[in-house]
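Below: the structure, in structure tokens.
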Amino acid sequence: MSLQPGAGASALEPDPVLGAALGNSVSNRFRLLLIAGIVVLGVGLFLNFTIGAIQEGWGPPLTILLTAAVMLGAGWWVLHWWNREIILYERGFTVEEGARVVPIRYEEVARVYLQAGRVSYGGLFPHERYLCLLTTIHDEQVAVNGWYRHASQLGARLNALVDAALRPQIEARWAAGESVPFGDALALSAAGIECEGQVLNWADYGGIRIASGRLTLLDTAGESWASPPLASLYNLTLLVAWLRERTPGTISRLPGNTASVV
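Counting from 5, one number per residue, gives the positions in the sequence shown under my numbering.
This is the structure in structure tokens:
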């Protein structure tokens, strides 16, 4: 079903707690069948030309038994993923794993980790690899990746909905004087940026540059002050949005500052 706002969502039932349905994504069943088929075929051919070629009478029966075991294992794996589904609602989302349905409100998500890139196997079969990993305040984890159809669209929309819920929470923590982490070594506060024990005041902050898998923080002279790898950061879209808002010449919206041109 489409992940565009309102498109196809009318076919989904609203949730009494989470509100109206916005869209959904089911497991990538073609990929499941393709991988299972390749494994069964590959193992079957290997067994047929190894154990099955043994002249003694136990060779062919053992080949059949082992092939059947592989088929059963592959079938169980496909069924394990077959009915997985994520449904987005106005105030949260549900993760369905077979008969188990887990509801999660957007404000219960504490961290969003994003990873995307183009990979290939031996230079063949290039494809996009995408991961949107959400960790809740209860330490539950939900991974949106290639095992779901339209994973990048689902992840982008889910990330945007979580961002909208996280933003006021983080701004309230800033207003209370807290420093909010966006990774193991990077945090923001109303006073400035903290990275690996160093502090860059907002008055000395000059902007950001994103390249070669790193987020480079610049001072007012345009020099690199710190350059943490993107892979070490979470809630990245919120972080980048706030840093761009604080770039000189834009409108400041961080707590403790009236909206003004910096």
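Ideal Cβ positions, reconstructed from N, Cα and C, are used throughout, including at glycine.
* If you run the structure through DSSP and keep just helix, strand and coil, what is Asn-163? -> Counting from 1 along the sequence shown, the entry for residue 163 is found at position 159. In this structure, Asn-163 counts as helix in the three-state DSSP scheme.
* To do: Look at Ala-147 and Tyr-134 and say whether their C-beta atoms are less than 8 Å apart.
  => Residue 147 sits at position 143 when you count from the first residue of the sequence shown. Residue 134 sits at position 130 when you count from the first residue of the sequence shown. No; because the gap between Cβ atoms is not below 8 Å, this pair is not in contact.
* **Test item: CB-CB of Cys-136 and Leu-162 under 8 Å** => For the purposes of this step, residue 136 is identified with residue 132 of the sequence shown, where counting begins at 1. For the purposes of this step, residue 162 is identified with residue 158 of the sequence shown, where counting begins at 1. Here Cys-136 is near Leu-162, since their CB atoms are less than 8 Å apart.
* Using the Cα positions of Gly-27 and Glu-100, report the straight-line distance between them to the nearest angstrom. => As a working note, residue 27 is residue 23 in the sequence shown. As a working note, residue 100 is residue 96 in the sequence shown. In this structure, the alpha-carbon of Gly-27 lies about 14 Å from that of Glu-100.
* Roughly how many angstroms lie between the CA atoms of Leu-153 and Val-74, to the nearest whole one? -> For the purposes of this step, residue 153 is taken as the residue at position 149 of the sequence shown. For the purposes of this step, residue 74 is taken as the residue at position 70 of the sequence shown. According to the sequence displayed, residue 153 carries Arg and not Leu. Approximately 26 Å, taken between the alpha carbons.
* Under 7 Å Cβ to Cβ from Ala-114, same chain only, skipping five residues before and after it: list those, please. => Here the question's residue 114 lines up with position 110 in the sequence shown. Counting only residues of its own chain and dropping the five nearest sequence neighbours on each side, Ala-114 has a CB closer than 7 Å to the CB of Thr-139, Thr-140, Ile-141.
* Asked: Given a threshold of 16 other Cβ atoms within 10 Å of its Cβ, counted over all protein chains shown, does Thr-67 qualify as buried or as exposed?
  -> Here residue 67 is taken as the residue at index 63 of the sequence shown, counted from 1. The Cβ neighbour count for Thr-67, taken over all protein chains shown within 10 Å, is at least 16; the residue is labelled buried.
* Asked: In or out: Ser-216 buried (at least 16 other Cβ within 10 Å) or exposed?
  -> Translated into positions along the sequence shown, residue 216 becomes position 212. Around the Cβ of Ser-216, a 10 Å sphere holds fewer than 16 other Cβ atoms; the residue is exposed.
* **Unbroken beta strand (DSSP E) run spanning Arg-104, endpoints** => Here the question's residue 104 lines up with position 100 in the sequence shown. Where Arg-104 is concerned, the enclosing beta strand (DSSP E) stretches over 104-109.
* Whole angstroms is fine: what's the gap from Gly-12's alpha carbon to Tyr-238's? => Taking the sequence shown and counting its residues from 1, one reaches residue 12 at position 8. Taking the sequence shown and counting its residues from 1, one reaches residue 238 at position 234. Confidence in Gly-12 is poor, its pLDDT being 46 and thus under 50, which makes the residue's placement unreliable; the coordinate value appears in the next sentence. Here the alpha carbon of Gly-12 sits roughly 31 Å from the alpha carbon of Tyr-238.
* Asked: Taking three-plus beta-carbon pairs below 8 Å as touching, is the segment 86-94 in contact with the segment 197-214?
  -> Inter-segment contact for the segment 86-94 and the segment 197-214 is absent: fewer than three beta-carbon pairs are separated by less than 8 Å.
* How do the segment 182-190 and the segment 43-57 stand: do at least 3 beta-carbon pairs fall below 8 Å, yes or no? -> Not touching, per the Cβ criterion.
* Tell me, please, which residues DSSP counts as bridged to Leu-190. => One-based indexing of the sequence shown puts residue 190 at position 186. Residue pairing by DSSP places Leu-190 opposite Cys-199 in a beta bridge.
* To do: Using the DSSP secondary-structure output, state which residues sit across from Asn-28 in a beta bridge.
  => Translated into the one-based positions of the sequence shown, residue 28 becomes position 24. Its beta-bridge partners are Ile-91.
* **Whole-angstrom C-beta distance between Leu-158 and Ser-29, which should lie under 8 Å** => Within the sequence shown, numbered from 1, the residue matching residue 29 stands at position 25. Within the sequence shown, numbered from 1, the residue matching residue 158 stands at position 154. For a cut-off of 8 Å, the C-beta gap from Ser-29 to Leu-158 is around 4 Å, short enough to register as a contact.
* Between the Cα of Ser-193 and the Cα atoms of Trp-178, Val-203, Glu-94, which residue gives the shortest distance? -> Here residue 193 is taken as the residue at index 189 of the sequence shown, counted from 1. Nearest neighbour of Ser-193 by Cα position, chosen from Trp-178, Val-203, Glu-94, turns out to be Trp-178.
* **For Phe-97, the residue or residues it bridges with in DSSP** => The residue you call residue 97 lines up with position 93 of the sequence shown. According to DSSP, Phe-97 shares a beta bridge with Leu-92, Ile-108.
* Counting along the chain, where does the alpha helix (DSSP H) carrying Arg-250 start and finish? -> Reading the sequence shown from its first residue, position 246 is the one you call residue 250. Per DSSP, Arg-250 belongs to no alpha helix (DSSP H) and is neither H nor E.
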